[in-house]
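Okay, so here's the structure we're looking at.
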Amino acid sequence: MPEIRVLAVDDRQENLFALEAAFSDSGYELVTALSGPQGLALLRQMDFAAVLLDTQMPGMDGFETAQAIRAQECSKNVPIIFVTAIDRSESNERKGYVSGAVDFLYKPLDRRILLAKIRVFA
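Following the numbering used here, the numbering of the sequence shown begins with 1092 at its first residue and continues without gaps.
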């Protein structure tokens, strides 16, 4: 049985390394991208059970990337979970949900919570 793929999009390599560590021995295949455009290209090439998306990235931020994910036919139904260090404000969460997110996780991440949320969507 093939592994279930999860896409992580974050402009900071150290954050992607932390996610890779969290996914080790999880039964999921984590695919990473360093930008919104790179993540969108991967979504056109492969199927993903979920997308973990940073909100603050240069160029195309996470909110814009989420809207673009929703606009692509191939990825319009893929669950998006924002993984962020921004303030837990109602306006940021509202902006995230309006742009297409189904949930938020705040850094530092708890591996058990992260994997439990992925299991819901996979």
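Just so you know, even glycine gets a beta-carbon here, dropped at the ideal spot from N, CA and C.
Of the choices the options, whose alpha-carbon is the least far from that of residue i?
i	options	result
Ile1209	Glu1181, Gln1158, Ile1171	Ile1171
Thr1146	Val1122, Arg1179, Leu1206, Asp1138	Arg1179
Gln1158	Gln1136, Gly1130, Glu1105	Gly1130
Inspect the beta-carbon positions of residue i and residue j and report whether they are closer than 7 Å.
i	j	result
Gly1154	Lys1186	The identity of residue 1154 in the sequence shown is Phe, whereas the question assumes Gly. Cβ distance < 7 Å, so Phe1154 and Lys1186 count as in contact.
Val1169	Val1142	yes
Ala1213	Ile1095	yes
Just how far apart, CA to CA, sit residue i and residue j?
i	j	result
Leu1200	Ala1099	14 Å
Gln1163	Asp1138	13 Å
Met1092	Gly1118	Residue placement at Met1092 cannot be trusted, given a pLDDT of 42 that sits under 50; the coordinates are not used to answer.
Ala1207	Gln1136	26 Å
Gly1150	Arg1203	31 Å
Among the residues of its own chain, which have a CB less than 8 Å from the CB of residue i, if the five just before and after it don't count?
i	result
Met1148	Val1100, Asp1101, Asp1102, Ser1126, Gly1127, Thr1156
Considering only residues of the same chain and omitting the five flanking positions on each side of residue i, which have a CB-CB separation below 6 Å?
i	result
Ile1177	Thr1146, Asn1183
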